[in-house]
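Below: one structure, written as structure tokens.
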Amino acid sequence: MTALAVAIAAAVGGVVRFGLAPLGRWGTLIVNVVGSFVLGVLLGWGPREEVLLVLGAGLCGSLTTFSTFALEASDGPWRQRVVGVAVTMVACLAAATIGYAIA
Numbered sequence: 022m023t024a025l026a027v028a029i030a031a032a033v034g035g036v037v038r039f040g041l042a043p044l045g046r047w048g049t050l051i052v053n054v055v056g057s058f059v060l061g062v063l064l065g066w067g068p069r070e071e072v073l074l075v076l077g078a079g080l081c082g083s084l085t086t087f088s089t090f091a092l093e094a095s096d097g098p099w100r101q102r103v104v105g106v107a108v109t110m111v112a113c114l115a116a117a118t119i120g121y122a123i124a
């Protein structure tokens, strides 16, 4: 049953990420920040292992995207790339920290 729940959560995360894909770099930033926030909440809340597996690995794992972030970070003028990486790292870390703190 847990595998099915993980698959359903992953499908939801994947559909959301696909829906935001037309936003390009902004879509990637949004899904990574939201996923970091949700994971921070989950880790702060300390749910059962099954819940963490479904929402953390399933939903957040399929919602967030390191590969697209890395691809986008290697494209464009170097200043844009540096700013993009810095903004993403700071925003994701802040989102996870805030999520953890409010859980």
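Residues in the sequence shown are numbered from 22 upward in steps of one, following the numbering used here. Glycine is no exception: its CB is placed at the ideal position from the N, C-alpha and C atoms.
Does DSSP put residue i in a helix, a strand or coil?
i: residue 43; result: helix
i: residue 162; result: It is not possible to answer for residue 162, since the shown part of the chain is limited to 22 through 124.
i: residue 97; result: coil
i: residue 110; result: helix
i: residue 31; result: helix
i: residue 69; result: coil
i: residue 124; result: coil
Do you know whose CA, among the options, lies nearest residue i's CA?
i: residue 29; options: 75, 94, 66, 48; result: 75
i: residue 114; options: 61, 48, 46, 24; result: 61
i: residue 112; options: 42, 49, 35; result: 49
Is residue i close to chain B? Criterion is C-beta to C-beta, closer than 8 angstroms.
i: residue 115; result: Considering every chain present, this structure includes no chain B. It has just one protein chain.
Residue i and residue j: beta carbons closer than 8 angstroms?
i: residue 85; j: residue 56; result: yes
i: residue 93; j: residue 82; result: no
i: residue 33; j: residue 80; result: yes
i: residue 116; j: residue 58; result: yes
i: residue 118; j: residue 90; result: no
i: residue 63; j: residue 51; result: no
Just the C-alpha distance for residue i and residue j, rounded to the nearest angstrom, thanks.
i: residue 31; j: residue 24; result: 10 angstroms
i: residue 35; j: residue 27; result: 12 angstroms
i: residue 54; j: residue 38; result: 12 angstroms
i: residue 95; j: residue 124; result: 35 angstroms
i: residue 46; j: residue 99; result: 15 angstroms
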